[in-house]
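Line by line, the protein sequences are chains A and B. Under the working numbering, read the first sequence as residues 942 to 1298, first letter to last. Under the working numbering, read the second sequence as residues 942 to 1298, first letter to last. Using N, Cα and C, we set each Cβ at its ideal position, and we do this for glycine too. Report on one structure; see the data block that follows.
Number of protein chains: 2
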Amino acid sequence: MWHDRRVLDLFGIEHPILVSPMGGAMDWEMTVAVAEGGGLGSLPCIMFKPDRIREEVGKIRARTDKPFNLGFFAYKPEPPDNAREASWRDRLKPYYDEFGLDPNSFAPPPARAPFNEEFCALIEELKPAVVSFHFGLPDTPLLTRVKAAGCIVISSATTADEARWLDARGVDAIIAQGAEAGGHRGVFLSEDISTQAGTLALVPQVVDAVKVPVIAAGGIADGRGIAAAFALGAAGVQIGTAYLHSPESKISTPHRQALAEAKDNSTVLTNIMSGRPARGIVNRLIREQGPVAEVPPFPNAANALAPLRAAAEKAGSGEFSALWSGQAAALGRAVPAAELTRQLAADALARLKTLSA
Amino acid sequence: MWHDRRVLDLFGIEHPILVSPMGGAMDWEMTVAVAEGGGLGSLPCIMFKPDRIREEVGKIRARTDKPFNLGFFAYKPEPPDNAREASWRDRLKPYYDEFGLDPNSFAPPPARAPFNEEFCALIEELKPAVVSFHFGLPDTPLLTRVKAAGCIVISSATTADEARWLDARGVDAIIAQGAEAGGHRGVFLSEDISTQAGTLALVPQVVDAVKVPVIAAGGIADGRGIAAAFALGAAGVQIGTAYLHSPESKISTPHRQALAEAKDNSTVLTNIMSGRPARGIVNRLIREQGPVAEVPPFPNAANALAPLRAAAEKAGSGEFSALWSGQAAALGRAVPAAELTRQLAADALARLKTLSA
């Protein structure tokens, strides 16, 4: 039995495991699988327009009556920067030439719209059990409406200061996102990622700083990691990378291969894939142009990469893709997501029992 | 009771806690206090000449019959680089002017000699229970002599690859040094610190990679961290920063103050203090010249800093000192080291018991 039931009771779930909403890597299938497995299923909404979200939620509700989370970004868009855009395209031109692509071609970039009036109205219509935000929280009027719709609100903190900020604004739980985590750092109070703490150091400092339950994220991929998170004072875990191995994940074949071959030191924090720092597996683009460079502001750095990514992936290569991964990909295995959820919970409980025997 | 007794049995200690040998921050007093507290006491030997080590060991043995560890560096010295030395001194000249120091003055730099024939002969004479190395291992002839003297040999790994390398060379236990750890990264197979994993991700991957017991290090500063390390599969922990708060530590007053005020995001990995990457609290020198720059090879970057550090510390400032610290300094308290050792062990056991209740 789980000693700390705060996260279980808050969400009304059986196992204290949330799947990270990973934009571009999953849809309703993952949400349903994790929810049916007893965890909190998530649907990443950042790549979808409202109609598509409505459709996905319909598919989820046709298959499960379990609670689930809709995940959004809450950043303030920066104005386009034509100079940076031009210099980024200049740097990428040799690759366009290599692939025989027109450097003036414009693939439709993936949408990564921040939470806005339109999304808020959709939340009021769909009333999901949980809404999660990354990069802070939306402005108070929108946040108030989400809460008034009856949704549980959670967000990520990468420092104890960010956790205190979220706690003061009335979130129901805080994800402490340690530096091991794959994908975008949820930073919003400081852009300085060089000083951010690993999960083992961060979680107890966040627990000591806030009133609400803390959900540990970053480097957790098996029962040992979950048991460790609870030892640190977390009441739940959010897991991303481990679910990317599962058949429900919608990642590209090169991404799946890279994850299968990843080691503890295969990833790096880079901003060149999107304009914001995120952890991914080192590939040719990162080696040659990054990991950190002056690129167009988030999410526009991805625009000029889109044709390169598509051409490379068509040729079976992930050398121009964002191969998001945390530092514990090597601990994961290709198991269906519902089964993985149940197995992770069982392994964690068994591990905790062993430790105090 | 500790479920996994491998580290306890290997060293013959009561609590599975090692104090990191922190050169310049401690002497026999800390060694004795931790040993008498039931952990493994360590004496950092890198700042001491053989006569001083002999004297320190005499003081330890006059006060305790518990086992203890002598800690050494095992790096291969690089040849001096006059161009880098000159350009580093040029960069520092404005600070020399500010403090009214002669830029050609030469304070005797702290010794940081690698393990050599002379140290090896001393080990054969003193026969400590344990010898620890940082930055890999000494060459086989010296390593063979240390083992023949009956010493248990341990070393640090920052990646699973380094752990496998150490395991293949016959160490008795491996310290998995996560990215949260304060002081020098124990790197020896790769200098790329941007890809190194946090403790929570690293420990289980090292555990899976080697035969010998694994000791977790990095970000562990209270009973929760120790319990988490055991959850991850470690059979012991090595703790540094938490002991720096204790009255037995010999750090400067500014360093002690900086540790007392540190938050989860106060530290950074920097190479400018010594020439090798190490984690310390951000100060003026790091803000203005680092954290990472082209400086003279280890340990010579410290030479030109020595007069600045001395002048600043005399004025009560740590702005030019190496304020080594891990990412969990905020979890520590100023408790005598023997008491701290006992309290950490008791807290960890209580935490583990709670978790499975």
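- In this structure the region 1269 to 1282 of chain A does not touch the region 1054 to 1066 of chain A; the number of beta carbon pairs closer than 8 Å is below three.
- In this structure, 996/A is the residue among 943/A, 951/A, 991/A, 996/A with its C-alpha nearest to the C-alpha of residue 969/A.
- With contacts defined as CB atoms closer than 9 Å, residue 1247/A and residue 1212/A fail to qualify as a contacting pair.
- The beta carbons of residue 1153/A and residue 1115/A sit closer together than 9 Å.
- Put simply, of 1282/A, 1162/A, 990/A, 1022/A the residue whose alpha carbon is nearest the alpha carbon of residue 1244/A is 1022/A.
- If you look at residue 1075/A, you'll find it in the beta strand (DSSP E) that goes 1071 to 1075.
- Contact check for residue 953/A and residue 1283/A: beta-carbon distance about 17 Å, past the 8 Å limit, so the pair fails to qualify.
- Take the alpha-carbon of residue 1165/A and the one of residue 1146/B: they are about 11 Å apart.
- Following the DSSP letters along the chain, one finds residue 1216/A in no alpha helix (DSSP H), marked with neither H nor E.
- DSSP places residue 1194/A inside the alpha helix (DSSP H), whose first and last residues are 1194 to 1202.
- Residues of the same chain with a CB within less than 6 Å of the CB of residue 1168/B, apart from the 5 flanking positions on each side, are 1289, 1292, 1293 in chain order.
- The beta carbon of residue 1190/A is closer than 7 Å to those of 966, 967, 971, 1184 in its chain, skipping five residues each way along the sequence.
- Runs of the alpha helix (DSSP H) lying entirely within the region 973 to 1013 of chain A, each at least 4 residues long, are 991 to 1004 in chain order.
- Chain order gives the chain A residues near residue 1208/B as 1136, where near means a beta carbon separation below 8 Å.
- Rounded to the nearest whole angstrom, the CA to CA distance from residue 1155/B to residue 957/B is 11 Å.
- Contact check for residue 1120/A and residue 1159/A: beta-carbon distance about 6 Å, within the 8 Å limit, so the pair qualifies.
- Comparing alpha-carbon positions, the option among 1031/B, 1267/B, 1174/B, 1231/B lying closest to residue 948/B turns out to be 1174/B.
- The secondary-structure analysis by DSSP pairs residue 1179/A across a beta bridge with 959/A, 1158/A.
- Each residue's CA atom was taken as its position, placing residue 984/B and residue 963/B some 8 Å apart.
- Per the coordinates, the alpha-carbon of residue 1087/B lies some 49 Å from the alpha-carbon of residue 959/A.
- The Cβ of residue 1177/B sits no closer than 9 Å to any Cβ of chain A.
- Annotated as distal: residue 1070/A and residue 989/A, with beta-carbon spacing of 9 Å or more.
- Assigned with DSSP and collapsed to three states, residue 1135/A falls in helix.
- For residue 1277/A, there are no neighbours in chain B by C-beta distance under 8 Å, as the nearest C-beta there is about 22 Å away.
- Going by DSSP, residue 1140/B is part of the alpha helix (DSSP H) stretching over 1140 to 1150.
- Taking 9 Å as the CB threshold, residue 1285/A stays off the interface with chain B.
- For residue 1230/A, the enclosing alpha helix (DSSP H) starts and ends at 1225 to 1230.
- At a cut-off of 9 Å between C-beta atoms, residue 1141/A counts as an interface residue with respect to chain B.
- The Cβ neighbour count for residue 1224/B, taken over all protein chains shown within 10 Å, is at least 16; the residue is labelled buried.
- For a cut-off of 8 Å, the C-beta gap from residue 1056/A to residue 1079/A is around 5 Å, short enough to register as a contact.
- Residues of the region 1237 to 1255 of chain A that bring their beta carbon within less than 9 Å of a beta carbon in chain B are absent altogether.
- Secondary structure note for residue 1097/B: it is in no alpha helix (DSSP H), and the uninterrupted beta strand (DSSP E) holding it is 1093 to 1098.
- Straight-line measurement puts the Cα of residue 1228/A at about 21 Å from the Cα of residue 1269/A.
- At a cut-off of 9 Å between C-beta atoms, residue 1271/A counts as an interface residue with respect to chain B.
- Inclusion of residue 1262/B and residue 1218/B in the CB contact set at 9 Å is not warranted, their separation being larger than that value.
- Under the Cβ criterion of 9 Å, residue 1161/B is counted among the residues facing chain A.
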